[in-house]
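All residue numbers for the sequence shown refer to the UniProt record's numbering, where the first residue is 1 and numbers rise by one. The structure under discussion appears below in the form of structure tokens.
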Amino acid sequence: MSVSSGTKTESGVGETVRVVIHALLIALVIRTFLFQPFNIPSGSMKATLLVGDYLFVSKYSYGYSHYSIPFSPPLFSGRVFGSEPNRGDVLVFRLPKDNTTDYIKRVIGLPGDHIQMKEGLLYINDTPVQRERLPDFVGEDPCGSDATARVKQWQETLPNGVTYKTLDCVDNGFYDNTNVYTVPPGHFFMMGDNRDNSTDSRVLSAVGYVPFENLVGRAQMIFFSIAEGEHAWQIWRWPAAVRWNRIFSIVR
């Protein structure tokens with residue numbers, strides 16, 4: 001009996017190990033080639049994305065670079081099955097100045113574009129982007145540390161018809177008036193929707209133009225969202241802390 005029991009135990013352990021290995025391999029394939037989860041730690045994309053949003057990023061949208069692989073080993077350069085993003089896409093990219101840090105912003109400028117901010121208004125190739133004033137954003141403070149705030153909100157429409165909301169914390173902010181940025185070949189110009197509280201391609205010393213190779217994937221869907229300052233592991237606080245209306249919403 002003891003020999004038979006030991007054999008069954010060894011068989012059960014072996015089967016468990018195989019199942020765990022298979023599960024890890026499947027997870028690795030999904031993360032590398034299909035979807036990778038990210039969470040939003042800052043307010044640079046408010047009101048499109050809020051601190052505490054958890055979202056899926058599609059890895060296949062723009063093809064694959066070595067940044068698609070866990071730990072980003074430099075196995076090859078460039079992209080495989082590459083497809084350029086569209087203006088207005090919200091995407092995750094690896095910071096050019098620090099290739100260990102992921103940023104999420106919106107694509108504003110394509111290769112060859114001329115981008116400029118004048119008195120808070122975005123210009124693309126010398127043409128002002130159409131924008132419409134919306135009711136003020138009221139909620140978790142996008143500009144500072146207050147619990148809630150009321151902030152100017154606009155709807156911008158890009159030349160290809162993509163529309164989205166932007167926030168304007170202060171008039172004539174630091175990057176509301178800029179020189180002309182000319183996007184180099186093979187690069188993209190990224191901006192946060194929270195215009196006065198976003199370190200993006202307007203800050204050449206910190207972000208600058210983003211190489212095609214640095215794109216990680218496109219933000220697709222919010223699968224979980226919890227209020228700023230709350231912790232996802234505190235399940236007992238979920239009834240009040242979870243933003244139920246944001247779960248399974250599409251990122252636009």
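Cβ atoms here follow ideal geometry from the backbone N, Cα and C, with glycine treated the same way.
Rank the options by C-alpha distance to the C-alpha of residue i and give the top, closest one.
| i | options | result |
| --- | --- | --- |
| residue 136 | 109, 108, 121 and 170 | 170 |
| residue 190 | 200, 183 and 184 | 200 |
| residue 47 | 229, 206, 193 and 107 | 193 |
| residue 78 | 97, 86, 212 and 227 | 212 |
| residue 93 | 244, 219, 238 and 229 | 219 |
| residue 53 | 236, 239 and 230 | 230 |
| residue 185 | 111, 59 and 17 | 111 |
| residue 250 | 221, 128, 125 and 41 | 221 |
| residue 95 | 241, 225 and 216 | 216 |
| residue 119 | 50, 28, 246 and 168 | 168 |
| residue 51 | 62, 38 and 63 | 38 |
| residue 208 | 33, 107 and 76 | 107 |
| residue 27 | 157, 98, 16 and 69 | 69 |
| residue 105 | 30, 240, 12 and 44 | 44 |
| residue 158 | 205, 132 and 174 | 132 |
| residue 30 | 60, 41, 55 and 20 | 60 |
| residue 49 | 74, 232 and 226 | 226 |
| residue 205 | 71, 161, 164 and 97 | 97 |
| residue 164 | 23, 16, 82 and 88 | 88 |
| residue 151 | 57, 232 and 196 | 196 |
| residue 72 | 82, 101 and 91 | 101 |
| residue 179 | 124, 233, 76 and 153 | 124 |
| residue 243 | 223, 252 and 233 | 223 |
| residue 33 | 75, 57 and 42 | 57 |
| residue 83 | 187, 233 and 234 | 187 |
| residue 176 | 117, 142 and 55 | 117 |
| residue 128 | 162, 13 and 156 | 156 |
| residue 174 | 198, 22 and 162 | 198 |
| residue 42 | 210, 141, 238 and 162 | 141 |
| residue 36 | 55, 19 and 18 | 55 |
| residue 210 | 80, 103, 40 and 239 | 103 |
Which partner residues of residue i appear in the DSSP bridge assignment?
| i | result |
| --- | --- |
| residue 190 | 107 |
| residue 219 | 57 |
| residue 127 | 124 |
| residue 133 | 154 |
| residue 39 | 54 |
| residue 226 | 242 |
| residue 12 | None; residue 12 has no bridge partner. |
| residue 94 | 102 |
| residue 140 | 148 |
| residue 64 | 80 |
| residue 181 | 115 |
| residue 205 | Paired residue(s): none; residue 205 is not in a bridge. |
| residue 250 | 221 |
| residue 211 | 187 |
Can you tell me where the beta strand (DSSP E) holding residue i begins and where it ends?
| i | result |
| --- | --- |
| residue 149 | 148–157 |
| residue 114 | 114–118 |
| residue 165 | 163–168 |
May I ask which residues mark the beginning and end of the alpha helix (DSSP H) holding residue i?
| i | result |
| --- | --- |
| residue 239 | 238–241 |
Throw me the rounded Cβ distance for the residue i and residue j pair, which I believe falls under 8 angstroms.
| i | j | result |
| --- | --- | --- |
| residue 214 | residue 62 | Going by Cβ atoms, the distance from residue 214 to residue 62 rounds to 10 angstroms, so no, they are not a contact pair. |
| residue 247 | residue 181 | With 8 angstroms as the limit, residue 247 and residue 181 do not qualify as a contact, their Cβ atoms being about 37 angstroms apart. |
| residue 109 | residue 183 | 4 angstroms |
| residue 160 | residue 86 | 7 angstroms |
| residue 153 | residue 134 | 4 angstroms |
| residue 64 | residue 90 | Rounded, the Cβ-Cβ distance is 19 angstroms, inconsistent with contact. |
Taking only beta-carbon positions, decide if residue i is within less than 8 angstroms of chain D.
| i | result |
| --- | --- |
| residue 236 | The structure shown contains no chain D; it holds only a single protein chain. |
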